[in-house]
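Protein chains: 2
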Amino acid sequence: MKIAIVAPSCSLKREAADLVTAIVAARGDCELEIHPQCFLSDGHFAGPDKARLAALREVMADPSVDAVWFARGGYGSNRIAEAAARDLPNPAHRKLYLGYSDAGFLLAAFHKAGLEVAHGPMPQDVLRDGGEAAVERALDYIVHRSDSALETGLDGPAMAFNLTVLSNLLGTAIEPDLTGRDLLIEEVSEQYYRIDRVMFHLTGNPAIRAIRRLRLGRVSDVIENEPEFSVSEEAIVSDWCERSGIEFAGRADIGHDVCNKVVPFAPSDP
Amino acid sequence: MKIAIVAPSCSLKREAADLVTAIVAARGDCELEIHPQCFLSDGHFAGPDKARLAALREVMADPSVDAVWFARGGYGSNRIAEAAARDLPNPAHRKLYLGYSDAGFLLAAFHKAGLEVAHGPMPQDVLRDGGEAAVERALDYIVHRSDSALETGLDGPAMAFNLTVLSNLLGTAIEPDLTGRDLLIEEVSEQYYRIDRVMFHLTGNPAIRAIRRLRLGRVSDVIENEPEFSVSEEAIVSDWCERSGIEFAGRADIGHDVCNKVVPFAPSDP
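Protein chains in written order, with the numbering used here: chain A, 56 to 325; chain B, 56 to 325.
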C-alpha cells in the first residue's frame with residue numbers, strides 16, 4: 056500500500072513531513088511518498104498552479120500509488136480542481152483521495168468524476184496538539200478502511216465540507232450533487248455573521264434543499280466581531296434549516312481539530 | 056420629495072442622522088423621514104428581523120414616500136430581503152431604492168421584483184472623512200437623478216454589487232439576472248485569497264458568464280494574510296475573467312469610500 060502526499064494549496068511544513076514519516080515507519084503497514092512539490096513556495100501557494108497540478112496529475116496517473124493524501128488546507132486547490140479531474144488516466148480510478156478544508160474543492164471535483172474520496176485528517180494536522188491521533192486515524196482509514204476511523208453518525212450516503220468551501224462551489228462546474236445525502240459541515244476562523252450569511256446562501260440554493268438532512272460539525276476559532284453576534288452556531292444553522300425546510304439532525308464529529316473523523320463520500324448512482 | 060431612511064441591517068449612528076438631517080435642511084429640495092427603527096439594537100442588528108422588515112414594509116407602502124434610502128451596510132438585509140419583496144403594495148412601485156454593500160441583497164431582490172433601484176452612497180457614509188460629498192451625491196441622484204452623480208463609464212444596462220454579497224446571492228431566489236449587463240464589483244475588508252476564491256465562485260457560474268463585461272471598483276482595507284498573496288487585485292480579477300471568457304473592462308468608480316458613484320440598475324426587459 057503506497058500513499059502519495061501532494062500539496063494542491065499551501066506548502067507542507069518539513070516538520071510535519073518528518074513526523075508523519077516517523078509514524079508511517081513505526082506502523083509498518085504502508086509506504087509513504089512525499090512529493091517534492093509539497094515544499095515548493097510561490098507566494099501564497101505550494102508552487103505555481105502548473106506545478107501543483109502537474110504533481111497531482113503525476114501521482115494520480117502512477118499505478119503504484121494506492122492513495123493520494125492532500126498535505127494540508129489553506130487556499131488554492133480550487134484553482135486547479137477542474138483541470139485535475141479532466142481526462143482521467145485509468146490508474147486515477149484505482150485510488151482513494153483524502154483531505155478536508157480547502158481540499159474540499161478536490162473532493163467535490165473528484166467525486167463528480169467518479170473517484171473514491173473521503174473527508175478526513177491531513178498530514179499537517181500532526182502539528183496540532185495530539186495530532187498523531189488524527190494522522191493514525193487517517194492512515195487506519197487509508198490502509199484498512201477501518202470502521203473505527205469513521206464519523207459515528209453515518210447511516211446512509213453522506214458528504215462533508217467546510218461551509219465556506221461548499222458555498223464557493225455552488226453553481227460551478229464542480230458543484231457536488233448532494234441529492235438525498237446527509238450533509239456534514241464544519242467551519243474555522245470565521246465571524247458568526249459570515250456563518251449566518253453563508254447559511255443564507257447555502258439553504259437558499261435548491262441543490263442544498265435536496266439533501267436528506269444536515270449535521271453541524273465543530274465551528275472553531277470563531278473571530279470576534281463588533282457588534283457581537285449574540286446567537287450560537289447551532290441556533291444559526293438550525294434556524295436556516297428550519298426556514299428552508301431542511302431537516303437539522305444535530306452535531307457531527309468533524310472539524311479543524313485532532314478529533315476530526317473520516318466521512319467517505321458514497322459513490323454516485325451510475 | 057420625501058426620502059425615508061430605514062436600516063435593514065445594522066443601526067444608524069445618531070451622529071450620522073444629525074449630520075444628514077443638517078445637509079438636507081441646508082439643501083431645501085427634499086424632506087427627510089428617519090424611521091425610529093434605524094436606532095434599534097438587537098445584537099448585531101438594528102432590531103430583530105421582524106422590526107427591520109416591518110419598518111421597511113411600512114415606508115415601501117407609504118404613498119407619501121418617494122425614495123427609500125438604506126441607512127448603512129454591515130450585515131443582515133439578506134435575512135429579510137425575500138420577504139420584503141413579496142406581495143408588493145402599489146406605492147412600493149413608485150419609489151427609488153438606494154444603497155450598497157450589504158444592502159445589495161435588497162437591490163437584487165427589489166430589482167427582480169420590478170422596482171427602481173440604484174447602487175450608491177448611504178447616510179452613514181457621512182461619517183467618513185469628506186463624507187458630505189457622498190451624501191450630497193446620493194441626494195442629487197435621489198432628488199434630481201443628476202447625471203453628475205453617476206459612475207462615468209456607464210454606456211448600457213449595468214448592475215453594481217459588493218463582491219462577497221453577489222457571491223452569496225448566487226443560486227438563491229433573489230439572484231440578479233445579469234445577462235447582457237455590465238457588472239461592476241467592489242470589495243472591502245477581505246484578504247486577497249478570499250477575493251481570489253470568490254472570483255473563482257463568481258466566474259464559475261453560468262449566470263455570471265452571461266454578463267456583457269466586468270469592471271472592478273475599489274478594493275479597500277484589504278486584510279493582510281500569511282502567507283502573503285502576492286498578486287494585485289486587478290490581476291486576480293482579470294485573470295479569472297480571462298479563464299472564464301468574460302471581458303474585463305478595467306476599473307469602476309465605486310467602492311466603500313466618499314467617491315462612490317451611483318450606478319442605477321436599468322429595468323429588466325418586461
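Using N, Cα and C, we set each Cβ at its ideal position, and we do this for glycine too. Every value quoted in this text rests on a predicted model; they were computed, and no experiment measured them.
Point to revise | Interface residues of the segment 93-110 of chain A facing chain B [CB-CB below 9 Å] | key: Those residues of the segment 93-110 of chain A placed with their C-beta closer than 9 Å to a C-beta in chain B are Ser96, Asp97, Gly98, His99 and Phe100, ordered along the chain.
Exercise for review: Return yes when the Cβ of B:Ser64 is within less than 9 Å of the Cβ of B:Lys167, no when it is not.
Suggested key: Residue mapping note: residue 167 of chain B aligns to position 112 of the second sequence, counting from 1. Residue mapping note: residue 64 of chain B aligns to position 9 of the second sequence, counting from 1. Against a cut-off of 9 Å, the Cβ pair of B:Ser64 and B:Lys167 comes out as no contact.
Practice item. List the residues of chain B whose Cβ lies closer than 7 Å to the Cβ of A:Leu225, in chain order. Key: For the purposes of this step, residue 225 of chain A is taken as residue 170 along the first sequence, with counting starting at 1. Chain B residues near A:Leu225: Leu225 and Gly226.
Exercise for review: Scan the segment 283-305 of chain B for residues whose Cβ lies nearer than 8 Å to a Cβ of chain A and list them as they occur along the chain.
Suggested key: Residues are counted here when their Cβ sits less than 8 Å from a Cβ of chain A; for the segment 283-305 of chain B these are Glu283, Phe284, Ser285 and Val286, given in chain order.
Review point. Hey, A:Asp237 and A:Arg268 are a contact pair by Cβ (cut 8 Å); roughly how many whole angstroms apart?
Key: As a working note, residue 237 of chain A is residue 182 in the first sequence. As a working note, residue 268 of chain A is residue 213 in the first sequence. Indeed, because the Cβ distance is near 6 Å, the residues count as touching under 8 Å.
**Study point:** Outcome for A:Asp84 when other beta-carbon atoms lying within 10 angstroms are tallied against a minimum of 16
**Key:** On the first sequence, position 29 is the one that residue 84 of chain A refers to. Around the beta carbon of A:Asp84, a 10 Å sphere encloses fewer than 16 other beta carbons of the protein chains shown; the residue is thus reported as exposed.
Point to revise | Amino acids of chain A, ordered along the chain, whose beta-carbon sits closer than 7 Å to that of B:Tyr130 | key: Counting from one through the second sequence, the residue named residue 130 of chain B turns up at place 75. Ordered by position in chain A, the residues that pass the 7 Å Cβ test against B:Tyr130 are Tyr248 and Arg252.
**Study point:** Under the three-state DSSP convention, the category A:Arg69 falls into
**Key:** Residue mapping note: residue 69 of chain A aligns to position 14 of the first sequence, counting from 1. Secondary structure at A:Arg69: helix, using DSSP grouped into helix, strand and coil.
Point to revise | B:Pro231, buried or exposed, once every other Cβ within 10 Å from all chains shown has been counted against 16 | key: Taking the first residue of the second sequence as position 1, residue 231 of chain B is located at position 176. Residue environment analysis places B:Pro231 among the buried positions, since at least 16 neighbouring C-beta atoms fall within 10 angstroms of its C-beta.
Review point. Candidates B:Arg141, B:Ser132 and B:Ala139: which alpha carbon is nearest B:Tyr155's?
Key: Position 100 of the second sequence holds residue 155 of chain B. The option with the nearest alpha carbon to B:Tyr155 is B:Ser132.
Practice item. For A:Ala213, count neighbouring Cβ atoms within 10 angstroms of its own Cβ and tell me buried if that reaches 16, exposed if not. Key: Here residue 213 of chain A corresponds to residue number 158 of the first sequence, with the count starting at 1. The residue in question, A:Ala213, is buried, as its Cβ has 16 or more Cβ neighbours within 10 Å.
Practice item. List the whole-angstrom C-beta distance separating B:Ala260 from A:Thr258, where the pair is believed to meet the contact cut-off of C-beta under 8 Å. Key: In the second sequence, residue 260 of chain B corresponds to position 205, counting from 1. In the first sequence, residue 258 of chain A corresponds to position 203, counting from 1. Note that residue 260 of chain B is Asn in the sequence shown, not Ala. Rounded to the nearest angstrom, the Cβ distance from B:Asn260 to A:Thr258 is 18 Å, too far for a contact under 8 Å.
Practice item. Check whether the Cβ atoms of B:His174 and B:Ala138 lie closer than 9 Å to each other. Key: For the purposes of this step, residue 174 of chain B is taken as residue 119 along the second sequence, with counting starting at 1. For the purposes of this step, residue 138 of chain B is taken as residue 83 along the second sequence, with counting starting at 1. Result no, Cβ atoms of B:His174 and B:Ala138 do not sit closer than 9 Å.
Point to revise | Boundaries of the beta strand (DSSP E) in which A:Asp237 is found, first to last residue | key: Within the first sequence, numbered from 1, the residue matching residue 237 of chain A stands at position 182. From DSSP, the beta strand (DSSP E) with A:Asp237 extends over Asp237 to Val243.
Review point. Would a check of beta-carbon distances place A:Phe255 closer than 9 Å to chain B?
Key: The residue given as residue 255 of chain A occupies position 200 in the first sequence. Answer yes: the Cβ-Cβ gap between A:Phe255 and chain B drops below 9 Å somewhere.
Point to revise | Own chain residues within Cβ distance below 7 Å of A:Arg134, not counting five before or after | key: Residue mapping note: residue 134 of chain A aligns to position 79 of the first sequence, counting from 1. These residues qualify, in order along the chain: Asp104.
Check your understanding: B:Pro178 and B:Val75 look like a contact to me (Cβ under 8 Å); what is the Cβ gap, rounded to whole Å?
Key -> For the purposes of this step, residue 178 of chain B is identified with residue 123 of the second sequence, where counting begins at 1. For the purposes of this step, residue 75 of chain B is identified with residue 20 of the second sequence, where counting begins at 1. Right, the Cβ-Cβ distance comes to about 5 Å (below 8 Å), so this counts as a contact.
Practice item. With a cut-off of 8 Å on the beta carbons, I'd call B:Leu111 and B:Val61 a contact; round off their distance for me. Key: In the second sequence, the residue the question calls residue 111 of chain B occupies position 56. In the second sequence, the residue the question calls residue 61 of chain B occupies position 6. Indeed, because the Cβ distance is near 5 Å, the residues count as touching under 8 Å.
Review point. At least one CB of chain B closer than 9 Å to the CB of A:Asn314: is that the case?
Key: The count along the first sequence starts at 1 and reaches residue 314 of chain A at position 259. A quick correction: the sequence has Cys, not Asn, at residue 314 of chain A. It does not: the Cβ of A:Cys314 has no partner Cβ on chain B nearer than 9 Å.
**Study point:** Reference A:Leu95; option with closest CA among A:Arg82, A:Leu87, A:Ala109 and A:Thr219
**Key:** Your numbering for residue 95 of chain A matches position 40 in the first sequence. Closest option to A:Leu95, judged by alpha-carbon separation, among A:Arg82, A:Leu87, A:Ala109 and A:Thr219: A:Ala109.
Check your understanding: Is B:Ile327 close to chain A, meaning its C-beta is less than 9 Å from at least one C-beta of that chain?
Key -> Shown here, chain B extends from 56 to 325; a query on residue 327 of chain B therefore has no answer.
Check your understanding: Given B:Asp97, which residues of its chain have a CB within under 6 Å of its CB, disregarding the five upstream and five downstream residues?
Key -> Locating residue 97 of chain B in the second sequence gives position 42, counting from the first residue. The beta carbon of B:Asp97 lies closer than 6 Å to those of Pro103 in the same chain, with the five residues before and after it left out.
**Study point:** Same chain only: Cβ atoms within 8 Å of A:Glu233, ignoring 5 sequence neighbours per side
**Key:** In the first sequence, residue 233 of chain A corresponds to position 178, counting from 1. First, the residue type needs correcting, since residue 233 of chain A is Leu and not Glu in the sequence shown. Only Met214, Ala262, Ile263, Ala265 and Ile266 meet the Cβ criterion.
Check your understanding: Name the chain B residues that come within less than 7 Å of A:Asn260, Cβ to Cβ?
Key -> As a working note, residue 260 of chain A is residue 205 in the first sequence. Neighbours of A:Asn260 on chain B, chain order: Gly226 and Thr227.
Review point. Any idea what DSSP makes of B:Arg127, helix, strand or coil?
Key: Taking the first residue of the second sequence as 1, we reach residue 127 of chain B at position 72. The answer is coil: DSSP assigns B:Arg127 none of H, G, I, E or B.
Exercise for review: Check the C-beta distance from A:Arg270 over to A:Ala307 and give it rounded, since I have them as a contact under 8 Å.
Suggested key: Your numbering for residue 270 of chain A matches position 215 in the first sequence. Your numbering for residue 307 of chain A matches position 252 in the first sequence. Indeed they touch by this definition, with Cβ atoms about 4 Å apart.
Exercise for review: Please name the residue in A:Arg107, A:Glu70, A:Val123 and A:Trp295 whose C-alpha comes closest to that of A:Met56.
Suggested key: Here residue 56 of chain A refers to the residue found at position 1 when the first sequence is read from its first residue. Of A:Arg107, A:Glu70, A:Val123 and A:Trp295, the smallest CA-CA separation from A:Met56 is found for A:Val123.
Point to revise | Neighbour list for A:Arg69 in chain B, Cβ cutoff strictly below 8 Å | key: On the first sequence, position 14 is the one that residue 69 of chain A refers to. Neighbours of A:Arg69 in chain B, taken as residues at a C-beta separation under 8 Å, are lacking, since the least C-beta distance is about 15 Å.
Point to revise | 9 Å Cβ cutoff met for A:Asp157 and A:Tyr196 | key: For the purposes of this step, residue 157 of chain A is taken as residue 102 along the first sequence, with counting starting at 1. For the purposes of this step, residue 196 of chain A is taken as residue 141 along the first sequence, with counting starting at 1. Taking C-beta atoms as the reference points, A:Asp157 and A:Tyr196 fail to come closer than 9 Å.
Check your understanding: Does the beta carbon of B:Asn217 sit closer than 9 Å to a beta carbon anywhere in chain A?
Key -> Here residue 217 of chain B is taken as the residue at index 162 of the second sequence, counted from 1. No, B:Asn217 does not count as interfacial toward chain A.
Review point. Which residues of chain B have a Cβ atom closer than 8 Å to the Cβ of A:Asn133, listed in chain order?
Key: As a position in the first sequence, residue 133 of chain A is number 78, starting the count at 1. By Cβ distance, chain B contributes Arg252 and Phe255.
Review point. Quick one: what's got a C-beta closer than 7 Å to A:Gly305's C-beta in the same chain, skipping five residues either side?
Key: For the purposes of this step, residue 305 of chain A is identified with residue 250 of the first sequence, where counting begins at 1. Contacts found: Arg270.
**Study point:** Endpoints, the beta strand (DSSP E) within which B:Pro174 is located
**Key:** On the second sequence, residue 174 of chain B is found 119 positions in, with the first residue counted as 1. The sequence as given places His at residue 174 of chain B; Pro does not occur at that position. Taken as a continuous stretch (DSSP letters only), the beta strand (DSSP E) holding B:His174 covers Glu171 to His174.
Check your understanding: Using the C-alpha atoms, what's the distance from B:Val181 back to B:Ala188?
Key -> Position 133 of the second sequence, counted from the first residue, corresponds to residue 188 of chain B. Position 126 of the second sequence, counted from the first residue, corresponds to residue 181 of chain B. Inter-residue distance for B:Ala188 and B:Val181 is about 8 Å (C-alpha atoms, whole angstroms).
Practice item. Would you verify that the beta carbon of A:Asn145 is, or is not, closer than 9 Å to some beta carbon of chain B? Key: Within the first sequence, residue 145 of chain A is the residue found at index 90, counting from 1. So no, A:Asn145 is outside the interface.
Point to revise | Under 9 Å between C-beta atoms of A:His311 and B:Asn280 | key: Within the first sequence, the letter at position 256 stands for residue 311 of chain A. Within the second sequence, the letter at position 225 stands for residue 280 of chain B. Contact: no.
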